[in-house]
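One structure is given here, and the rest of the page talks about it.
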Amino acid sequence: MLKSNTTKKKVLKILLEREGDIVSGSELSSLLKVSRQTIWKAIESLREEGFYIESIPHQGYRLLNKSSADLSPTWIELSLDDISWGHPVLYWDSLDSTQEPAKSLARQGANEGIVILAGEQKAGRGRLGREWLSPEEGSISLSVISRPNIDPSFLQLLSLSTAIAAHDCLEELFNIDLELKWPNDILWKGAKICGILIEASSEPGKVHYAIIGIGLNANLNPKTLSAVNKPATSLKAILGRKVHRGEIVAALVRQLQKKINNLEKPEGITECIRKYSKLCSTLGMQVKIEQDNQVIKGIAEGISPLGNLIVRSEKGTLMSFSAADVTHLKATKP
Numbered sequence: 001m002l003k004s005n006t007t008k009k010k011v012l013k014i015l016l017e018r019e020g021d022i023v024s025g026s027e028l029s030s031l032l033k034v035s036r037q038t039i040w041k042a043i044e045s046l047r048e049e050g051f052y053i054e055s056i057p058h059q060g061y062r063l064l065n066k067s068s069a070d071l072s073p074t075w076i077e078l079s080l081d082d083i084s085w086g087h088p089v090l091y092w093d094s095l096d097s098t099q100e101p102a103k104s105l106a107r108q109g110a111n112e113g114i115v116i117l118a119g120e121q122k123a124g125r126g127r128l129g130r131e132w133l134s135p136e137e138g139s140i141s142l143s144v145i146s147r148p149n150i151d152p153s154f155l156q157l158l159s160l161s162t163a164i165a166a167h168d169c170l171e172e173l174f175n176i177d178l179e180l181k182w183p184n185d186i187l188w189k190g191a192k193i194c195g196i197l198i199e200a201s202s203e204p205g206k207v208h209y210a211i212i213g214i215g216l217n218a219n220l221n222p223k224t225l226s227a228v229n230k231p232a233t234s235l236k237a238i239l240g241r242k243v244h245r246g247e248i249v250a251a252l253v254r255q256l257q258k259k260i261n262n263l264e265k266p267e268g269i270t271e272c273i274r275k276y277s278k279l280c281s282t283l284g285m286q287v288k289i290e291q292d293n294q295v296i297k298g299i300a301e302g303i304s305p306l307g308n309l310i311v312r313s314e315k316g317t318l319m320s321f322s323a324a325d326v327t328h329l330k331a332t333k334p
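Here it is in structure tokens:
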């Protein structure tokens, strides 16, 4: 497991500011008021995170390539120094699921905002226990501990808020037109690019914690995505280039804190429902709902104050769904 510390962040900040230039060990030692040995250990640890830092005998260190460290916990934390979430960021090369260490830490009383990252997930999962493909070639797999001050009846809104956060993050970074599929899928032209899983512990009147799990297809190749049995895409496929995953993680954590904190305000729930409804491509669609071995067809008409999907069945009955498998059939309006 890799994580940052104060010295690593300070060393990296200096090397980034003077990227390509040689910075002597004695200068770093003097600036940070630590020993040369401490500087050397920080450099070695940054190399473990993927940074290409050249050692030049009798001169010092030079950062030559930062792009290879695109899931560096130190770089991500440094990017989030102005907010409370994202401290720490904990990174594993491989995990069964990022949800498990996040839940373990949450049960032990860890503060909200801690980020768990994995280069790959061997047993990633989505809603309804479905498998989520998270190979090491270019996925983003993360879980964030949150402790929202909301009533447990509004937990579904965490999914909606997270979907909005992911949408806004990707739109802001890449200017791509995305849509939301209830309750928490992000699509590009009907193909899934991001999925969300919320797992919470609560009692009447109180949410102890909620783990926000996000899987994003960042640099996956079309050949890999062809193994998925439903339409899927990646940022690399859309943009025609690789993306820096750390930039996305940092921007996503920033959006998450803003959106989740907003739910705690009196007007936050109304704002969440309004924005989600605007972005949700499910609304206005003829849909097929599968729940508890039942299949119901109808028109998706709205989102309830609790985040449920409101569907008018073929028999004209209004029905509310808090969790179900939804398939878009066809649009009922232009």
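Heads up: the sequence shown runs through residues 1 to 334, numbered per the numbering used here. Ideal Cβ positions, reconstructed from N, Cα and C, are used throughout, including at glycine.
Residue range of the unbroken beta strand (DSSP E) whose run includes residue i
i	result
residue 145	139-146
residue 337	This structure cannot speak to residue 337, because the chain is shown only from 1 to 334.
residue 335	Lying outside 1 to 334, the shown extent of the chain, residue 335 is not represented and no answer is given.
residue 94	89-95
residue 236	Per DSSP, residue 236 belongs to no beta strand (DSSP E); it is in the alpha helix (DSSP H), 235-239.
residue 193	191-203
residue 312	309-313
Buried versus exposed call for residue i [16 or more other C-beta atoms within 10 Å across all chains shown]
i	result
residue 16	exposed
residue 316	exposed
residue 274	exposed
residue 295	exposed
residue 162	buried
residue 98	buried
residue 86	buried
residue 307	buried
residue 270	exposed
residue 81	exposed
residue 58	exposed
residue 236	buried
residue 138	buried
Own chain residues within Cβ distance below 6 Å of residue i, not counting five before or after
i	result
residue 382	The first residue shown for the chain is 1 and the last is 334, placing residue 382 beyond what the model contains.
residue 233	188, 191, 193
residue 312	298, 299, 301, 318
residue 165	255, 256, 259
Beta-carbon proximity check, residue i vs residue j, cutoff 8 Å
i	j	result
residue 122	residue 94	yes
residue 192	residue 230	yes
residue 78	residue 2	no
residue 242	residue 217	no
residue 290	residue 323	no
residue 288	residue 252	no
residue 106	residue 145	yes
residue 260	residue 148	yes
residue 194	residue 255	no
residue 245	residue 140	yes
residue 116	residue 90	yes
residue 60	residue 30	no
residue 173	residue 248	yes
residue 276	residue 197	no
residue 49	residue 72	yes
Sequence-distant residues of the same chain with beta carbon closer than 7 Å to residue i, five excluded per side
i	result
residue 258	none
residue 208	201, 202
residue 179	187, 279, 281
residue 21	62
residue 268	262
residue 176	170, 188, 238
Run of the alpha helix (DSSP H) containing residue i, from where it starts to where it stops
i	result
residue 168	156-174
residue 272	268-279
residue 75	73-79
residue 250	245-263
residue 110	Taken as a continuous stretch (DSSP letters only), residue 110 belongs to no alpha helix (DSSP H), as it is neither H nor E.
Proximal residues to residue i (C-beta, below 8 Å), its chain only, five neighbours per side dropped
i	result
residue 47	53
residue 129	A caution first: residue 129 carries a pLDDT of 49, below 50, which makes its placement in the model unreliable, though a value can still be read off. So no residue of the chain qualifies.
residue 331	284, 285, 286
- prompt: With a cut-off of 8 Å, do at least 3 Cβ pairs link the segment 146-161 to the segment 177-186?
  reply: Counting C-beta pairs closer than 8 Å gives three or more between the segment 146-161 and the segment 177-186, which meets the contact rule.
message: Between the segment 204-224 and the segment 98-110, can you find at least three pairs of beta-carbon atoms closer than 8 Å?
response: As far as the Cβ criterion goes, the segment 98-110 touches the segment 204-224, which means the pair count is three or higher.
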